[in-house]
Each structure stands twice: as C-alpha cells, then as structure tokens.
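The letter at position 43 of the sequence shown is residue 43 when you use the UniProt record's numbering, and the numbering goes up by one with no holes.
Worksheet: the structure to be examined is printed underneath.
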Amino acid sequence: MNYLISVRFHDRKKVLRLRPYLQNLLAERRCSLTLAEIEGRHFFWFQFPPGREEEIRKKVGWAVARYICDQIEPDLINWMIRRYDPFRSHEEVGRIRREVFRQLKSSAWEYKKSVYADRREKLAEQVEWYLRENCRLAVDGYVRFRMKGHFRVLASCVKEAVASYRLDQEYKEFIRLLRQFVQLQVPKVPLIHVVHQADGGFRLLLADGRTLPQKELNEWGYEGWETPFSNEDYILGALLTAVPERVVVHTEQRHENVIRTLLQIFKGRIMLCDGCSRCKPAVKWGEDA
C-alpha cells in the first residue's frame, strides 16, 4: 500500500517544511519515505505493509493538518489582513494576526456532523476521509479547492480582528487627545471625589463632601444633560470641565471600562481609594472559624 503526497508553492522553503512533519509522525511506523522533485512539484511517496491503512491515514492526516495550520495559514491570514486594511505596518499586522489566532483557538469547527474544538483535529479528520478514497493528495490543490468553508471562517476572524484593532486604535487616540487636553487646562477645583454607587451610578463630590453643583459646571462652560450623576458620559464631561488638580475614585469595581478610562485620562492626578467612609473597605475580614 502507498500514498503519494505532493505540494508546490513559490516558496521552496515552505515546500520543504512538509518533510519533517511527515517524517516525525511516521518515523516509528516502519514506513519508507521516498522524495522526488519534478518540474517544481515535490513528491513524498509512502510505502507501508498492508493492514495498517487506517493507522497511516490518521498519521498522514495529522501531519498535513499541522503543516497547513503552521505553514500556510499565517501567510494567508497576512494576505487577508492586507486586503481588509492595506496601510498597516508589519508590527500592526503581527498584532492583528495574533488576535486572529486567539479567535481561532476559541472557535468550534464542524465536519460530518461532528464538532471539534481544535481546527487541526478537524482538518486531520477531513484529510483522513479524503485518503479513504484517494491515494494521492496534492496539498496545495486540497487547500485551494476543498477548504473553502475553513477559509470563510478565517476571513470572518480576520475581519473581526481588523475591526477590533481599529476600534482599539481609535480608543487610544481618543484617550491621548483627552489626556493632552487635561494637561493644557487650568484646574478649577483642587479635588473631586468620584463615588461609584452600588446601583452602578456615580456621584461627584467636592473636597468638603458637597455634591459638585450643576450651576458651577454650567458657569465653567459645560453643556451637559440635566440628569443625575449616573451617566458615564456625564461624569467624564463634568470632570473634563472641572479639570480638578486631584481625583479620588471610590469603587469596588476597578476593572470597569469607565474606571479604566478615567485612570488613563487623568493619569498622574488620579488615585483609587483603598477604603474610607465613602466606600466599602477594600479589605474584607472573614469570620473566625
């Protein structure tokens, strides 16, 4: 029994990288592997004793699946990123690609009504089924014509990763501009306490404990909404108008987006309270046994 695996790409190094994938998985299987090159196409010819077809199919399936995911996918993903967002630097493409691979690891993959957590496992099963009826496999042709569903998932992950990266860059630019704005303003109050309430709302208090009056905000030029201090945009707008010298945040939910945004915009003049009369203590003592 024998299988003939072949591959042809412009990058000769990528072609030759298929060899160790096949050799490593078949080294202990008493198979002979013959290599040949004809007009730019590389052939890998396996010969093995009869009765071991299923075992060898599984091994070849895994080898080809790993080769596709490790050697072909990254270049294809790079090409897709350039297509959707052509003006990114090499470093930015790398960051987006890492996000794509993160999404791929968390994706579910389906083949023949079975769901796989790992795309390599799904691809290995797919190649194995192909080899049940074919003893020849052209890897480049297989990728192009029999993996369209797989690459639709790749394209979807790339589009999502590109959109996420754009939003992240816009957010960072937004933070940078607001931080620059704060640094250029003359502080109007020495201290403001931002109290994060249990219902998710916020209150702004002056150093003496009084609520920051809406009248003063209006006098400082703030054109906000007449709403209680529970709106995140209102809080941010009020702080940007008052431009306090110092900001103290009282919260138990330090990782909420609005808190993280405030910490970045007012960097150098903001601190998180460790526990006071305005908020619950950060340290919770357990009961004695």
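All C-beta atoms in this analysis are idealised placements derived from N, C-alpha and C, irrespective of residue type, glycine included.
C-alpha gap between residue i and residue j, whole angstroms
i	j	result
residue 265	residue 197	21 Å
residue 173	residue 180	10 Å
residue 79	residue 86	9 Å
residue 128	residue 256	47 Å
residue 276	residue 238	23 Å
residue 132	residue 45	16 Å
residue 62	residue 56	10 Å
residue 6	residue 141	9 Å
residue 192	residue 273	12 Å
residue 217	residue 235	11 Å
residue 3	residue 18	15 Å
residue 194	residue 169	27 Å
residue 99	residue 66	20 Å
residue 182	residue 232	18 Å
Residue i, DSSP secondary structure in three states
i	result
residue 261	helix
residue 186	coil
residue 69	helix
residue 253	coil
residue 276	strand
residue 284	Low local confidence applies: a pLDDT of 40 at residue 284 is under 50, so the model's placement there is unreliable, with the coordinate-based value given in what follows. Coil, per DSSP.
The beta strand (DSSP E) enclosing residue i, as first and last residue numbers
i	result
residue 37	32 to 38
residue 41	41 to 47
residue 243	From DSSP, residue 243 is part of no beta strand (DSSP E); its letter is neither H nor E.
Supposed close pair residue i, residue j - CB separation, criterion 8 Å
i	j	result
residue 190	residue 269	Not really, about 11 Å apart at Cβ, beyond 8 Å.
residue 157	residue 123	Not confirmed; about 15 Å, so no contact.
residue 242	residue 212	7 Å
Host alpha helix (DSSP H) of residue i (start-end)
i	result
residue 14	12 to 16
Contact test: residue i Cβ vs the ligand MN heavy atom, cutoff 6 Å
i	result
residue 155	In terms of ligand content, the structure shown is empty, and the ligand MN therefore cannot be addressed.
For a minimum of 3 consecutive residues, which ranges assigned as the beta strand (DSSP E) are wholly contained in the region 81 to 138?
Entirely contained in the region 81 to 138, the beta strand (DSSP E) runs reaching 3 residues are, in chain order, 109 to 111, 114 to 116, 136 to 138.
What are the complete alpha helix (DSSP H) segments, minimum 4 residues, inside the region 160 to 213?
Within the region 160 to 213, no alpha helix (DSSP H) run of at least 4 residues lies entirely inside it.
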